[in-house]
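First up is the structure itself, then whatever we jot down about it.
There are 2 protein chains.
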Amino acid sequence: MDAGGGEQLSLAAVRDQLIREEDSIVFALIERAKRPRNTPAYSAAAAGGSLAEFFVREAQVLHAKAGHYQKPEDVPFFSQDLPPPVFPTKGHPKVLHPFASSVCVNDAIWKMYFNELLPLFTADGDDGNYAETVALDFACLQALSRRIHCGKYVAEVKFKDAPQDYSPPIRAKDTNALMNLLTFTAVEEKVKKRVEKKARIFGQNVTLEDSVGKQDGDACDSHCKVDPKVLSKLYDLWVMPLTKDVEVEYLLRHLD
Amino acid sequence: MDAGGGEQLSLAAVRDQLIREEDSIVFALIERAKRPRNTPAYSAAAAGGSLAEFFVREAQVLHAKAGHYQKPEDVPFFSQDLPPPVFPTKGHPKVLHPFASSVCVNDAIWKMYFNELLPLFTADGDDGNYAETVALDFACLQALSRRIHCGKYVAEVKFKDAPQDYSPPIRAKDTNALMNLLTFTAVEEKVKKRVEKKARIFGQNVTLEDSVGKQDGDACDSHCKVDPKVLSKLYDLWVMPLTKDVEVEYLLRHLD
Numbered sequence: 001m002d003a004g005g006g007e008q009l010s011l012a013a014v015r016d017q018l019i020r021e022e023d024s025i026v027f028a029l030i031e032r033a034k035r036p037r038n039t040p041a042y043s044a045a046a047a048g049g050s051l052a053e054f055f056v057r058e059a060q061v062l063h064a065k066a067g068h069y070q071k072p073e074d075v076p077f078f079s080q081d082l083p084p085p086v087f088p089t090k091g092h093p094k095v096l097h098p099f100a101s102s103v104c105v106n107d108a109i110w111k112m113y114f115n116e117l118l119p120l121f122t123a124d125g126d127d128g129n130y131a132e133t134v135a136l137d138f139a140c141l142q143a144l145s146r147r148i149h150c151g152k153y154v155a156e157v158k159f160k161d162a163p164q165d166y167s168p169p170i171r172a173k174d175t176n177a178l179m180n181l182l183t184f185t186a187v188e189e190k191v192k193k194r195v196e197k198k199a200r201i202f203g204q205n206v207t208l209e210d211s212v213g214k215q216d217g218d219a220c221d222s223h224c225k226v227d228p229k230v231l232s233k234l235y236d237l238w239v240m241p242l243t244k245d246v247e248v249e250y251l252l253r254h255l256d
Numbered sequence: 001m002d003a004g005g006g007e008q009l010s011l012a013a014v015r016d017q018l019i020r021e022e023d024s025i026v027f028a029l030i031e032r033a034k035r036p037r038n039t040p041a042y043s044a045a046a047a048g049g050s051l052a053e054f055f056v057r058e059a060q061v062l063h064a065k066a067g068h069y070q071k072p073e074d075v076p077f078f079s080q081d082l083p084p085p086v087f088p089t090k091g092h093p094k095v096l097h098p099f100a101s102s103v104c105v106n107d108a109i110w111k112m113y114f115n116e117l118l119p120l121f122t123a124d125g126d127d128g129n130y131a132e133t134v135a136l137d138f139a140c141l142q143a144l145s146r147r148i149h150c151g152k153y154v155a156e157v158k159f160k161d162a163p164q165d166y167s168p169p170i171r172a173k174d175t176n177a178l179m180n181l182l183t184f185t186a187v188e189e190k191v192k193k194r195v196e197k198k199a200r201i202f203g204q205n206v207t208l209e210d211s212v213g214k215q216d217g218d219a220c221d222s223h224c225k226v227d228p229k230v231l232s233k234l235y236d237l238w239v240m241p242l243t244k245d246v247e248v249e250y251l252l253r254h255l256d
């Protein structure tokens, strides 16, 4: 999250960021869908872990050396033994509570991605392009994780806007009451519709012939590179609930 | 390039692959455009090279360990001392001449990307997100390099279709004649129009409000995440000429 020069967070700025992250998620899924399932990339090899796990671990070491994982929304999947940056980094404005960086639901994202999501948007098959496949998986995981952990900013903004509403359930550690305060069904329905529409627009086969295009309607969904319904399902079942888990976890420690 | 089970290459299959690579290039540029120029990522640091160079070198080491760079279109930017794969890899059908893997224009792609292209589609500024920035650069470089080195398949198919046309200039090492044989201005114009259209469609801000959308027309170009004209310029000045350089270099050694 970039607070835009100042240190003030606004709900509008956070929402803009979340909307932009949707594009990244849709792009990443479309790119991964170029390749079939490629299950050998996920089976444990001689060394113990799978190629996918090896790749994500090593990629995170490299990203850490380059200076990544300094912001509260950038949380590694494997946080043990990450090296410090080897190049100078620039500080980011601290707009969240210091414990924000320890709020992490990556274990749930990892399981969801490999066990639930991947079979929904990749074709059965094995084309042998395992290295490319796991690099594309890493891009999906990163985009999902960043979007979901942006929930920390959502929670901070919502708390700041109405501390009188949030403080009592935080003190009572009332998770259900917090979850209710954080749930806006009408907004969630809009988000689901929008990501579905993005998948339809970004996943179409663009040709010079159709000048008006296939922006709407389900007629083209079978030609989309990722089924648009998978995107609304992803947001409905996992992205928005996990974001709210992040929000609740963040809020519960807000008065510590 | 995936020959699709068989070992036969067809011009149609190669063209489909090239068209799909266009989407990857457009997505990668749109993602990079999230961040401003961030020039400190490109200045030499104490260690000698820049963060960008460090990142690409190290990322390629990781990708090589994962089994990448086995196919003729996947050519590393820094090929010295790349480690062998540490996980089992699956062989790919050999449809090109063995020397194909040594045909490489990555030095020219590197210079073009950092010196010419980057200033055209990123905003002035420094937001401090250097690690993210160079990771996005690496994705752009990889997508461009793969697209351009797919020229090896284009050349192979064209040679197979008309060896009688290509053999004399190959024997005479007549680069100009080969370049003429490989140039189809009408096709190139279509490609430029198509990538421009893709940038317009994939780079728009999708909202639920506009149901018809802004698939065509220049009215929205200022709102596109990457100026669509940059894409047609990229293809006109660099992607298509460099692809033809790859084709010529491949063909020149075809009768060795």
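Chains A and B, in that order, are what the protein sequence lines are.
Per UniProt numbering, the first sequence starts with residue 1, numbered consecutively.
Per UniProt numbering, the second sequence starts with residue 1, numbered consecutively.
We treat Cβ as the ideally placed atom computed from N, Cα and C, and that holds for glycine.
To the nearest angstrom, how far is it from the Cα of K130/A to the Cα of Q70/B? One-based indexing of the first sequence puts residue 130/A at position 130. One-based indexing of the second sequence puts residue 70/B at position 70. According to the sequence as given, residue 130/A is Tyr; it is not Lys. Each residue's Cα considered, the two are about 11 Å apart.
Distance check for V226/A and F77/B, CA to CA, integer angstroms please. Taking the first residue of the second sequence as position 1, residue 77/B is located at position 77. Taking the first residue of the first sequence as position 1, residue 226/A is located at position 226. F77/B and V226/A: Cα-Cα distance of roughly 31 Å.
Where are the alpha helix (DSSP H) runs, 4 residues long or more, that stay fully inside the stretch 120-181 of chain A, in chain order? If we require 4 residues or more, the alpha helix (DSSP H) runs fully inside the stretch 120-181 of chain A come out as 130-149, 151-161, 163-171.
Which one or two residues does DSSP pair with S50/B in a beta bridge? Taking the first residue of the second sequence as 1, we reach residue 50/B at position 50. According to DSSP, which records beta bridges pairwise, S50/B is partnered with A44/B.
Between the C-alpha atoms of V17/A and E73/A, what's the straight-line distance to the nearest angstrom? What you label residue 17/A is simply residue 17 of the first sequence in a count that begins at 1. What you label residue 73/A is simply residue 73 of the first sequence in a count that begins at 1. The question names Val, yet the displayed sequence has Gln at residue 17/A. Those two C-alpha atoms are separated by around 11 Å.
G6/A to Y250/B, Cα distance in whole Å? Taking the first sequence and counting its residues from 1, one reaches residue 6/A at position 6. Taking the second sequence and counting its residues from 1, one reaches residue 250/B at position 250. With a pLDDT of 47 at G6/A, under the threshold of 50, the predicted position of this residue should be treated as unreliable, and no value is reported.
Spatial neighbours of D137/B in its chain, beta-carbon cut-off 7 Å, leaving aside the 5 residues before and after: For the purposes of this step, residue 137/B is identified with residue 137 of the second sequence, where counting begins at 1. Closer than 7 Å at the Cβ level, and outside the excluded window around D137/B, lie R32, A52.
Exposure of N38/A, with buried meaning 16 or more beta-carbon neighbours within 10 Å: Position 38 of the first sequence, counting from 1, holds the residue named residue 38/A. Result: buried.
If the criterion is Cβ atoms closer than 9 Å, does the pair V248/B and A199/B meet it? Numbered from 1 along the second sequence, position 248 holds the residue referred to as residue 248/B. Numbered from 1 along the second sequence, position 199 holds the residue referred to as residue 199/B. Not a contact, by the Cβ cut-off of 9 Å.
When you check each C-beta in the stretch 21-41 of chain A against every C-beta of chain B, which residues fall closer than 8 Å? The stretch 21-41 of chain A vs chain B, Cβ under 8 Å: D23, S24, F27, I30, E31, K34, P40.
Please name the residue in D126/A, I19/A, G125/A, E156/A whose C-alpha comes closest to that of L96/A. To locate residue 96/A, count along the first sequence from 1; it is residue 96. That would be E156/A, whose Cα lies nearest to the Cα of L96/A.
Considering only residues of the stretch 70-99 of chain A, which uninterrupted beta strand (DSSP E) runs meet the minimum length of 3 residues and lie entirely inside it, listed in chain order? none
Report all residues from its chain with a CB closer than 7 Å to the CB of F27/B; omit the five preceding and five following residues, and keep chain order. By one-based count along the second sequence, residue 27/B stands at place 27. F202, listed in sequence order.
Starting from F55/B, find everything on chain A with Cβ-Cβ shorter than 8 Å and list it in chain order. One-based indexing of the second sequence puts residue 55/B at position 55. Going along chain A in sequence order, the residues near F55/B (Cβ under 8 Å) are L62, A66.
Quick one: grab the DSSP three-state call for D114/B. Position 114 of the second sequence, counted from the start, is the residue given in the question as residue 114/B. Note that residue 114/B is Phe in the sequence shown, not Asp. If DSSP states are grouped into helix, strand and coil, F114/B belongs with the helices.
9 Å Cβ cutoff met for E188/A and Y235/A: Here residue 188/A corresponds to residue number 188 of the first sequence, with the count starting at 1. Here residue 235/A corresponds to residue number 235 of the first sequence, with the count starting at 1. Yes, the Cβ-Cβ distance between E188/A and Y235/A is below 9 Å.
For S24/A, report the span of its alpha helix (DSSP H) as first-last. Within the first sequence, numbered from 1, the residue matching residue 24/A stands at position 24. Per DSSP, the continuous alpha helix (DSSP H) segment holding S24/A begins and ends at 11-32.
Are the stretch 59-66 of chain A and the stretch 79-88 of chain A touching, with three or more C-beta to C-beta distances below 8 Å? Judged by Cβ distances under 8 Å, the stretch 59-66 of chain A makes contact with the stretch 79-88 of chain A, as three or more pairs qualify.
By a C-beta neighbour count over all protein chains shown, 10 Å radius and 16 as the cutoff for buried, is residue 267/A buried or exposed? With chain A covering 1 to 256 only, the question about residue 267/A has no answer from this structure.
With a 10 Å radius around its C-beta and 16 neighbouring C-beta atoms as the bar for buried, classify S232/A as buried or exposed. Locating residue 232/A in the first sequence gives position 232, counting from the first residue. In this structure S232/A is buried. Its beta-carbon is surrounded by 16 or more other beta-carbon atoms within 10 angstroms.
According to the Cβ coordinates, are E58/A and V195/A closer than 9 Å? Start at 1 with the first residue of the first sequence, and residue 58/A comes out as number 58. Start at 1 with the first residue of the first sequence, and residue 195/A comes out as number 195. No, Cβ-Cβ distance for E58/A and V195/A is not below 9 Å.
Whole-angstrom distance between P98/A and Y42/A, CA atom to CA atom: Mapped onto the first sequence, residue 42/A falls at position 42. Mapped onto the first sequence, residue 98/A falls at position 98. Computed Cα separation, rounded: 35 Å.
Check this for me: beta carbons of P40/B and K90/A, under 9 Å apart or not? As a first step, residue 40/B is located in the second sequence; it is residue number 40 there, counting from the start. As a first step, residue 90/A is located in the first sequence; it is residue number 90 there, counting from the start. Yes, the pair counts as a contact, with Cβ atoms nearer than the cut-off.
List the endpoints of the continuous alpha helix (DSSP H) containing V206/B. Residue 206/B sits at position 206 when you count from the first residue of the second sequence. It is not in any alpha helix (DSSP H) - V206/B carries neither H nor E in the DSSP assignment.
Considering only C-alpha positions, which residue in the set Y153/B, L62/B, F121/B, L141/B is nearest to P228/B? Taking the second sequence and counting its residues from 1, the one referred to as residue 228/B is at position 228. That would be F121/B, whose Cα lies nearest to the Cα of P228/B.
Rounding to the nearest angstrom, what Cα-Cα distance links M240/B and T185/B in this structure? Against the second sequence, residue 240/B aligns to sequence position 240. Against the second sequence, residue 185/B aligns to sequence position 185. Cα-Cα distance, rounded: 11 Å.
I want to verify the contact list: residues of chain A whose CB lies under 8 Å from the CB of A88/B, in sequence order. Mapped onto the second sequence, residue 88/B falls at position 88. Going by the sequence as given, residue 88/B is Pro instead of Ala. Here the neighbours are P40, A45.
Comparing the C-beta of L144/A with each C-beta of chain B, is any distance below 9 Å? Working through the first sequence from its first residue, we reach residue 144/A at position 144. Cβ-Cβ to chain B under 9 Å: no for L144/A.
From T133/B, K192/B, G151/B, A177/B, residue whose alpha carbon lies closest to that of L11/B: One-based indexing of the second sequence puts residue 11/B at position 11. Looking from the CA of L11/B, the closest CA among T133/B, K192/B, G151/B, A177/B belongs to G151/B.
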